[in-house]
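Peer 1: Numbering of the sequence shown is given in full-length UniProt numbering, commencing with residue 1 and proceeding in unit increments.
Where is the CB? At the ideal position from N, CA and C, for every residue including glycine.
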Amino acid sequence: QCGDINRAQLLFETSTKKTLPMYGAMMKGYIKNNLPKKVIDLFNEIKDPDRVIIILLFNACAQLGTNEELNLCGDVTSAKSLFDRSSKKTISMYGAMMKGFIINNSSKQAIDLFNEIKDPNEIIITLFFNACAQLGTGKELILLKSISSKISNSFYSDPYVVTSLIDAFMKCGDVTSAKASFDKSTKKTLPMYGVLMKGFIVNDQEEEAIDMFNDIHIDELHRENDSARKMKLLPEMNTDCFEANIAINLCLIKALTKLGILEQAQSFVQQIPSSVRVDHRIRNALIHMWGKVGSVDKAKRIFDKISQPDHIGWTAMINSYGLNGMGDEAVKLFYQMPKESIDHLTYICVLNACSHSGLVDVARSIFNNIQTKTEIIYTTMIDCLSRAAAFEEAQKLIGEFERDHAPAVSVYMPLLSGARNQKYSKLSQEVVDRMQKLFPNMKDSLVAASILLANVYASSGDIGKATDIKIELHKSGAKKRIGVTVTDIDGKLWKFRAHDRSHAESAEIHEQVDRMSKRIIEHGHKYDASWIVRPMEPDETIETLLCGHSERLAMAAHFIRNRKPKRIQMTKNLRICGDCHEVTKLVALIYQCEIVVRDANRIHHFHLNGQCSCQDYF
């Protein structure tokens with residue numbers, strides 16, 4: 001117990017008469033000192049182990065699985081057999097066995113064990129919730145709802161139980177039930193807030209995660225029904241206080257990163273304590289965040305303050321450059337990075353930076369020197385070649401990939417996207433035909449591919465084929481993801497869907513869209529019908545369909561609230577269409593307003609001269 005395992009071992013070995021309690025004490029010491037193999041060796045010396053010894057063995061097996069990624073004791077079946085042979089199974093034995101199954105990714109068996117237990121305690125229920133979280137399917141969600149509805153209200157005073165329940169609901173995709181469980185808890189802790197925030201982020205509700213951060217009262221542990229009873233939150237955490245603060249602030253930064261709005265990021269980062277802000281994990285997360293909100297200068301300032309950046313810091317800074325169209329800077333930093341720090345993610349980020357800045361020769365050089373090439377590394381290089389219209393080389397690379405790997409849909413999409421950019425209908429059709437043959441069950445990917453193919457035919461002038469594809473997609477019930485744009489206007493987040501009329505000021509917004517449309521037409525813009533992805537209704541025109549895109553509504557809202565905004569920033573969930581890209585360049589020029597748009601692929605900085613930082617490599 002004091003950490004002197006050698007002296008304990010010496011005393012044990014010199015004993016002439018070893019009892020079961022002595023074996024148990026020694027096994028417990030080995031577990032505490034992270035020596036699970038020695039526990040198993042000791043267990044093999046015992047002729048007639050009791051329940052306590054068996055529980056210690058299970059705990060050692062679980063620890064072994066964690067540390068060495070081995071099966072439970074090397075053979076989960078043997079461990080289960082040992083458990084099954086026990087005539088009197090205690091609740092602790094069930095718990096140890098369930099824990100072993102969960103650690104070794106056998107949560108289904110952990111749930112089966114749970115169903116054998118008549119009166120589970122809080123530890124067993126927590127393990128059950130953890131097993132459901134690991135599986136995260138609709139079946140587990142049904143089980144979760146059933147069990148959570150039956151447990152006593154007293155369990156909601158146990159933060160460990162409630163935290164695991166929230167985590168399970170979130171991982172099963174039921175945000176409403178997770179929030180209800182949180183609200184029902186009578187003892188809220190920082191880890192509980194953290195799990196809820198993570199769940200919101202994973203389920204694409206980053207705004208709720210940020211709101212949850214605002215709800216955390218650092219001077220209050222929980223709000224029971226008796227609101228007069230308050231306790232300090234941070235002292236409750238003792239030595240874990242700092243780590244809990246780190247975890248919460250990492251969640252906040254991740255939510256701000258996903259939101260992608262500079263004004264929001266600036267507002268909340270100021271609230272992070274300076275003692276937390278200097279932690280290397282926070283610094284790395286901030287570099288990534290500033291890059292993702294389009295403020296490369298802020299990312300660089302933090303990076304420069306780190307005397308010895310780790311591989312995460314280097315990679316985050318390279319990625320920040322790449323996302324913002326600063327490919328040369330990304331490559332320069334990559335070559336300054338210590339070779340031993342470079343990993344597959346670094347390669348992906350620098351190749352992506354090359355792809356988005358047209359640095360094809362540099363990308364080839366880097367790619368050819370990568371020893372172990374993963375699927376995503378191949379995909380990124382194929383994207384780089386396809387953007388540069390090097391289609392023959394891109395296809396050869398796909399062939400090279402498929403010599404050593406099973407075909408993957410990810411390597412075909414960038415080739416198709418590049419062909420779309422070049423209006424290369426023959427290649428586009430060949431790619432879609434091959435995808436349909438190789439991946440007949442990947443419906444979402446095939447829908448996306450068909451939409452791109454329709455775009456190609458429309459842009460190359462074959463309106464008939466484009467219309468046929470759109471009609472077939474419409475008949476099949478396939479639905480394109482709806483474009484959603486988020487922006488900050490006067491400190492408040494506004495969210496727009498395509499053709500949105502839900503806002504109180506929708507009439508004014510659409511009137512402003514019409515005014516913008518007239519101005520850009522006067523400057524020579526011609527609406528591009530190839531970006532329309534569904535059949536047009538009788539009362540629709542090319543202009544009305546394209547002018548309903550969410551980012552145009554967001555821009556219009558800014559001009560209503562502030563007639564001459566200096567800067568507009570937006571985050572869109574989809575890739576910006578070619579027509580919106582051209583329109584935004586003109587709006588920036590005509591209205592002399594810097595516009596920043598982060599889409600699904602990169603960040604576009606539209607400058608006052610009507611040019612975009614992406615140099616049309618989008």
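When the Cα atoms are used, what is the spatial distance from valine 269 to leucine 286?
Peer 2: For this step, residue 269 is matched to residue 269 along the sequence shown. For this step, residue 286 is matched to residue 286 along the sequence shown. Their backbone Cα atoms lie some 9 Å apart in a straight line.
Peer 1: Give me, in chain order, the residues of the same chain whose beta-carbon lies closer than 6 Å to that of aspartate 219; leave out the 5 immediate sequence neighbours on both sides.
Peer 2: For the purposes of this step, residue 219 is taken as residue 219 along the sequence shown, with counting starting at 1. At aspartate 219 the pLDDT is 38, less than 50, meaning the model places this residue with poor confidence; the figure from the coordinates comes in the next sentence. So no residue of the chain qualifies.
Peer 1: With distances taken from CA atoms, which of Ala168, Arg283, Gln569 is nearest histidine 604?
Peer 2: As a working mapping, residue 604 is identified with position 604 in the sequence shown. Nearest option by C-alpha distance: Gln569.
Peer 1: So the alpha helix (DSSP H) arginine 552 belongs to, where does it begin and stop?
Peer 2: Translated into the one-based positions of the sequence shown, residue 552 becomes position 552. Taken as a continuous stretch (DSSP letters only), the alpha helix (DSSP H) holding arginine 552 covers 550–561.
Peer 1: State the Cα-Cα distance for the pair serine 341 and glycine 325, rounded to the nearest angstrom.
Peer 2: Position 341 of the sequence shown, counted from the start, is the residue given in the question as residue 341. Position 325 of the sequence shown, counted from the start, is the residue given in the question as residue 325. Going from the Cα of serine 341 to the Cα of glycine 325 covers about 24 Å.
Peer 1: Just verifying my parser: in three-state terms, what is the DSSP assignment at residue 632?
Peer 2: Nothing about residue 632 can be read from this structure; the chain reaches only from 1 to 618.
Peer 1: Using 8 Å as the cut-off, can you tell me whether the segment 520–534 makes contact with the segment 559–576, which would need three or more C-beta pairs spanning the two stretches below that distance?
Peer 2: The answer is no - the segment 559–576 does not touch the segment 520–534, with fewer than three Cβ pairs under 8 Å.
Peer 1: Against chain B, does glycine 477 count as a neighbour if the rule is that its beta carbon must be under 8 Å from one of theirs?
Peer 2: Of the chains in the structure shown, none is chain B; there is only one protein chain.
Peer 1: For the alpha helix (DSSP H) containing methionine 192, list its first residue and its last residue.
Peer 2: As a first step, residue 192 is located in the sequence shown; it is residue number 192 there, counting from the start. Per DSSP, methionine 192 belongs to the alpha helix (DSSP H) from 190–202.
Peer 1: Quick check: the Cα distance between aspartate 297 and asparagine 249, rounded to an integer number of angstroms?
Peer 2: On the sequence shown, residue 297 is found 297 positions in, with the first residue counted as 1. On the sequence shown, residue 249 is found 249 positions in, with the first residue counted as 1. Their backbone Cα atoms lie some 22 Å apart in a straight line.
Peer 1: Residues in its own chain within less than 7 Å of tyrosine 378 by CB, not counting five upstream and five downstream?
Peer 2: Taking the first residue of the sequence shown as position 1, residue 378 is located at position 378. Excluding positions up to five away in sequence, the list reads Leu397, Phe401, Val411.
Peer 1: What is the rounded straight-line gap between the Cα of valine 432 and the Cα of isoleucine 471?
Peer 2: Position 432 of the sequence shown holds residue 432. Position 471 of the sequence shown holds residue 471. Their Cα atoms are separated by approximately 17 Å.
Peer 1: Who pairs with phenylalanine 606 in a beta bridge, going by DSSP?
Peer 2: Residue numbering aside, residue 606 sits at position 606 when the sequence shown is read from its first letter. For phenylalanine 606, which the question treats as bridged, DSSP gives the partners Ile595, Cys612.
Peer 1: Using only the alpha-carbon positions, how far apart do serine 365 and leucine 359 sit?
Peer 2: As a position in the sequence shown, residue 365 is number 365, starting the count at 1. As a position in the sequence shown, residue 359 is number 359, starting the count at 1. Rounded to the nearest angstrom, the two C-alpha atoms are 10 Å apart.
Peer 1: Per DSSP, which residues does valine 431 bridge with? Please list them.
Peer 2: Translated into positions along the sequence shown, residue 431 becomes position 431. None, per the DSSP bridge assignment.
Peer 1: If you draw a straight line from the alpha carbon of phenylalanine 83 to that of aspartate 112, how long is it in whole angstroms?
Peer 2: Sequence index remark: in the sequence shown, residue 83 carries index 83 (1-based). Sequence index remark: in the sequence shown, residue 112 carries index 112 (1-based). Each residue's Cα considered, the two are about 14 Å apart.
Peer 1: So what does DSSP say about aspartate 84, is it helix, strand or coil?
Peer 2: In the sequence shown, residue 84 corresponds to position 84, counting from 1. DSSP places aspartate 84 in helix when its eight states are reduced to three.
Peer 1: Can you tell me whether proline 21 is buried or exposed, with buried defined as 16 or more other CB within 10 angstroms of its CB?
Peer 2: Within the sequence shown, residue 21 is the residue found at index 21, counting from 1. With fewer than 16 Cβ atoms within 10 Å of its Cβ, proline 21 is classed as exposed.
Peer 1: Exposed or buried, valine 587, counting other C-beta atoms within 10 Å across all chains shown (16 or more means buried)?
Peer 2: Locating residue 587 in the sequence shown gives position 587, counting from the first residue. Flag for valine 587 reads buried.
Peer 1: What number of angstroms, rounded off, separates the C-alpha of isoleucine 520 from the C-alpha of valine 513?
Peer 2: Here residue 520 refers to the residue found at position 520 of the sequence shown. Here residue 513 refers to the residue found at position 513 of the sequence shown. When rounded, the distance between both Cα atoms is 11 Å.
Peer 1: When burial is assigned at 16 or more other CB atoms within 10 Å of the CB, is alanine 406 buried or exposed?
Peer 2: Here the question's residue 406 lines up with position 406 in the sequence shown. The residue in question, alanine 406, is exposed, as its Cβ has fewer than 16 Cβ neighbours within 10 Å.
Peer 1: Check for me: the beta strand (DSSP E) holding aspartate 488 runs from which residue to which?
Peer 2: By 1-based counting over the sequence shown, the position of residue 488 is 488. Where aspartate 488 is concerned, the enclosing beta strand (DSSP E) stretches over 484–489.
Peer 1: Any idea what DSSP makes of threonine 137, helix, strand or coil?
Peer 2: Residue mapping note: residue 137 aligns to position 137 of the sequence shown, counting from 1. Of the three classes helix, strand and coil, the one that applies to threonine 137 here is coil, per DSSP.
Peer 1: Expressed to the nearest angstrom, what Euclidean distance is found between the alpha-carbon atoms of threonine 467 and lysine 150?
Peer 2: Taking the first residue of the sequence shown as position 1, residue 467 is located at position 467. Taking the first residue of the sequence shown as position 1, residue 150 is located at position 150. So the alpha carbons of these two residues sit roughly 55 Å apart.
Peer 1: Tell me which residue opens and which closes the alpha helix (DSSP H) that arginine 281 is part of.
Peer 2: Numbered from 1 along the sequence shown, position 281 holds the residue referred to as residue 281. Element bounds for arginine 281: 280–292.
Peer 1: Check whether the segment 422–438 touches the segment 499–507, counting contact only when three or more Cβ pairs, one atom from each stretch, lie closer than 8 Å.
Peer 2: No, they do not touch.
Peer 1: Under a three-way DSSP split, which group does lysine 171 fall into?
Peer 2: Mapped onto the sequence shown, residue 171 falls at position 171. Lysine 171: helix per DSSP, three-state reduction.
Peer 1: Kindly indicate which three-state DSSP category threonine 186 falls into: helix, strand or coil?
Peer 2: Indexing the sequence shown from 1 puts residue 186 at position 186. Note: threonine 186 maps to coil in three-state DSSP.
Peer 1: Considering Cα atoms alone, identify which of Ser267, Gln308, His311, Pro273 is closest to tryptophan 290.
Peer 2: As a position in the sequence shown, residue 290 is number 290, starting the count at 1. The option with the nearest alpha carbon to tryptophan 290 is Ser267.
Peer 1: Please go through the segment 87–148 and give each complete alpha helix (DSSP H) segment of 4 or more residues, from N-terminal end onward.
Peer 2: As far as the segment 87–148 is concerned, its whole alpha helix (DSSP H) runs of at least 4 residues are 91–103, 107–114, 122–135.
Peer 1: Taking residue 651 as the reference, which of Asn609, Thr571, Pro36 has the closest Cα?
Peer 2: There is simply no residue 651 to check, as the chain begins at 1 and stops at 618 in what is shown.
Peer 1: Exposed or buried, what is histidine 510 when buried is set at 16 or more other beta-carbons lying within 10 Å of its beta-carbon?
Peer 2: To locate residue 510, count along the sequence shown from 1; it is residue 510. It is buried - the Cβ of histidine 510 has at least 16 other Cβ atoms within 10 Å.
Peer 1: From which residue to which residue does the alpha helix (DSSP H) around threonine 571 run?
Peer 2: Residue 571 sits at position 571 when you count from the first residue of the sequence shown. No alpha helix (DSSP H) contains threonine 571, which is instead part of the beta strand (DSSP E) from 567–572.
Peer 1: Where glycine 322 and tryptophan 314 are concerned, what is the direct C-alpha to C-alpha distance, given to the nearest angstrom?
Peer 2: Your numbering for residue 322 matches position 322 in the sequence shown. Your numbering for residue 314 matches position 314 in the sequence shown. Roughly 12 Å between the two C-alpha positions.
Peer 1: Check this for me: beta carbons of leucine 165 and serine 146, under 8 Å apart or not?
Peer 2: The residue labelled residue 165 in the question sits at position 165 within the sequence shown. The residue labelled residue 146 in the question sits at position 146 within the sequence shown. For leucine 165 and serine 146, no; Cβs fall outside 8 Å.
Peer 1: With a 10 Å radius around its C-beta and 16 neighbouring C-beta atoms as the bar for buried, classify threonine 485 as buried or exposed.
Peer 2: Numbered from its first residue, the sequence shown carries residue 485 at position 485. It counts as buried.
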